[in-house]
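Residue numbers (our numbering): -3 to 60.
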C-alpha cells in the first residue's frame, strides 16, 4: 500500500535507500562498470570487487 504524499508510510521502506543509491552512483563512477564490455562474468565480477575495494578505501581514508 502506497502512502499519500506528505504522510509517513510506516512500512520502514526508504530507510536505507539513500545509502544504496549513493553506492550505486559511486559504482557508476567506474567506466568499466557503467557499461558492461566484458563477455565473461568472472572478469566483470573482478572489476566489481576491485571497485568496491577502492570505494571502501576512499571512504575509510575520508573518515580518518
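Virtual Cβ for every residue (Gly too), placed ideally from N, Cα, C. Computed from a predicted model, the values in this text were never measured in an experiment.
### Message
My output table needs one value for residue 31: the three-state DSSP class, helix, strand or coil.
### Response
Position 35 of the chain shown holds residue 31. Here residue 31 sits in coil by DSSP.
### Task
Kindly indicate the opening and closing residues of the alpha helix (DSSP H) around residue 54.
On the chain shown, residue 54 is found 58 positions in, with the first residue counted as 1. Here the alpha helix (DSSP H) through residue 54 covers 37 to 59.
### Task
Round the Cβ separation of residue 29 and residue 42 to the nearest angstrom and send it over; I've been treating them as touching at under 8 Å.
What you label residue 29 is simply residue 33 of the chain shown in a count that begins at 1. What you label residue 42 is simply residue 46 of the chain shown in a count that begins at 1. Wrong, their Cβ atoms sit about 11 Å apart, outside the cutoff.
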